[in-house]
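Heads up: the sequence shown at position 83 corresponds to 83 in the UniProt record's numbering, and the numbers run straight through without jumps. Glycine included, every Cβ here is placed at the ideal spot set by N, Cα and C.
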Amino acid sequence: MLGSLVTRLRRPEYTGENRCLPCTVLNVGIASVGSTLLAAWIVAAGYSTVALGVATGVLAVSLAAIWLRGYLVPGTPTLTKRYLPASVLAAFGKTPESSPEGIAAGAGADADAGDEGTKAGGADGDAAVPADAQPVDPEALLERAGAIEPCRGDDRCLTGDFEGAWRDEIDAIRADDEDLGPWLDRFGLDDGEVTTKEVGNSFAVSVDGRRVGAWESRAAFHADLAAATLLADRLSGWAGLSARERGQVCNGLRIFLETCPDCGSPVSFGTETVESCCTSRTVAAVTCDDCGARVFESPVDDEEVAV
């Protein structure tokens, strides 16, 4: 009977691995202060002999509720996500999660190029890129490579030639998923033992134990590898881009996908709220209709969604 009662009271979405430490600390503090005030009130009322016992009992029940449910005060998870400052969350190691961004900053052979002042020019003789150059413009580079073109007014779409070639490269990568080293070379990443791992809502990739990037899914990773292979041959100056910049260009290309790189189904674009134990954020996302694979995700401001 006691076991069934505990099961009914337990809130697994707020306990165990999902427990929000800031919520727990806040509620334990409220329970402690409340019990102390209760004891003081009982003493003031002339019942000092029972004050300690009553206050201790209330504190014990409160702590049990926090252990079982994750919180004591109703609405704590929502209030924490909405009002708790980021600095407080950071103190508990609960900074808001960011969307996967592909190649990590500092990954690749260019990681040590910062002291040289410039990035090397491409093998085709392109001019060197100054280290303080402006951020890359993925859309402009993709147009220059013939990957996208104007369509439907001010929109951009994949060109038919690039879309077909991209699909073929993705299929080739999926067929040889056990040997990803040659494909990663297109990003300028050092050769080594490639390992992959699902981490939360992302697909992490490491080379010789060093994490080099994270993607929304394996499908998104395959799409970027295939895109990098094509762009290496089609975009002059590709070799002059850092691994991080190449990743940004490929990441920007995925938003133009109309079919899933994993299951081939249509994809849908929309906004949704992504929640963790202590935070929530709104993202723009491209998701495969049939298999649910996330192929693109980017945070957006709530004000932008409301417009």
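Inset, instruction - Check whether the Cβ atoms of residue 257 and residue 267 lie closer than 8 Å to each other. - result: Counting from 1 along the sequence shown, the entry for residue 257 is found at position 257. Counting from 1 along the sequence shown, the entry for residue 267 is found at position 267. Yes, they are a contact pair.
Inset, instruction - Take the Cβ of residue 48 as the centre, count every other Cβ of all protein chains shown within 10 Å, and call the residue buried at 16 or more, exposed below. - result: The residue given as residue 48 occupies position 48 in the sequence shown. Its Cβ having fewer than 16 others within 10 Å, residue 48 is exposed.
Legend entry - Which of helix, strand or coil DSSP assigns to residue 74: As a first step, residue 74 is located in the sequence shown; it is residue number 74 there, counting from the start. If DSSP states are grouped into helix, strand and coil, residue 74 belongs with coil.
Legend entry - residue 291 classed as buried or exposed, judged by whether at least 16 other C-beta atoms fall within 10 angstroms: In the sequence shown, the residue the question calls residue 291 occupies position 291. Exposed, because fewer than 16 other Cβ atoms sit within 10 Å of the Cβ of residue 291.
Legend entry - Contact belief for residue 173 with residue 226 at Cβ below 8 Å, rounded distance in angstroms: Sequence index remark: in the sequence shown, residue 173 carries index 173 (1-based). Sequence index remark: in the sequence shown, residue 226 carries index 226 (1-based). Indeed they touch by this definition, with Cβ atoms about 6 Å apart.
Legend entry - Proximal residues to residue 229 (C-beta, below 7 Å), its chain only, five neighbours per side dropped: Sequence index remark: in the sequence shown, residue 229 carries index 229 (1-based). Within the same chain, residue 229 has close Cβ partners 169, 183, 186.
Legend entry - Cβ distance (whole Å) where residue 145 is taken to contact residue 234 below 8 Å: As a position in the sequence shown, residue 145 is number 145, starting the count at 1. As a position in the sequence shown, residue 234 is number 234, starting the count at 1. With 8 Å as the limit, residue 145 and residue 234 qualify as a contact, their Cβ atoms being about 4 Å apart.
Legend entry - Euclidean distance between Cα positions of residue 223 and residue 261: Taking the first residue of the sequence shown as position 1, residue 223 is located at position 223. Taking the first residue of the sequence shown as position 1, residue 261 is located at position 261. Residue 223 and residue 261: Cα-Cα distance of roughly 6 Å.
Inset, instruction - Report yes if the C-beta distance between residue 104 and residue 188 is below 8 Å; otherwise report no. - result: For the purposes of this step, residue 104 is taken as the residue at position 104 of the sequence shown. For the purposes of this step, residue 188 is taken as the residue at position 188 of the sequence shown. No, these two residues do not count as a Cβ contact at 8 Å.
Inset, instruction - Would you mind giving the Cβ-Cβ distance between residue 193 and residue 208, rounded to the nearest angstrom? I have them listed as a contact below 8 Å. - result: Here residue 193 is taken as the residue at index 193 of the sequence shown, counted from 1. Here residue 208 is taken as the residue at index 208 of the sequence shown, counted from 1. Right, their Cβ atoms sit about 5 Å apart.
Inset, instruction - For residue 384, I'd like the list of residues in its chain whose CB is within less than 7 Å of its CB, leaving aside the five on either flank, ordered along the chain. - result: This structure cannot settle anything about residue 384, because the visible part of the chain is limited to 1 through 307.
Legend entry - Among 167, 210, 211, the one whose alpha carbon lies nearest that of residue 220: For this step, residue 220 is matched to residue 220 along the sequence shown. With distances taken between Cα atoms, residue 220 lies closest to 167.
Legend entry - With 16 other Cβ atoms within 10 Å as the buried cut-off, status of residue 7: By 1-based counting over the sequence shown, the position of residue 7 is 7. By the neighbour-count rule (16 or more Cβ atoms within 10 Å), residue 7 is not buried but exposed.
Inset, instruction - Note down the Cα distance separating residue 68 from residue 299, rounded to an integer number of angstroms. - result: Counting from 1 along the sequence shown, the entry for residue 68 is found at position 68. Counting from 1 along the sequence shown, the entry for residue 299 is found at position 299. Straight-line Cα distance between these residues: approximately 33 Å.
Legend entry - Inter-residue CB distance, residue 269 and residue 286 (contact presumed, cutoff 8 Å): One-based indexing of the sequence shown puts residue 269 at position 269. One-based indexing of the sequence shown puts residue 286 at position 286. Right, their Cβ atoms sit about 5 Å apart.
Inset, instruction - Indicate the three-state DSSP secondary structure (helix, strand or coil) for residue 163 in the structure shown. - result: What you label residue 163 is simply residue 163 of the sequence shown in a count that begins at 1. Note: residue 163 maps to helix in three-state DSSP.
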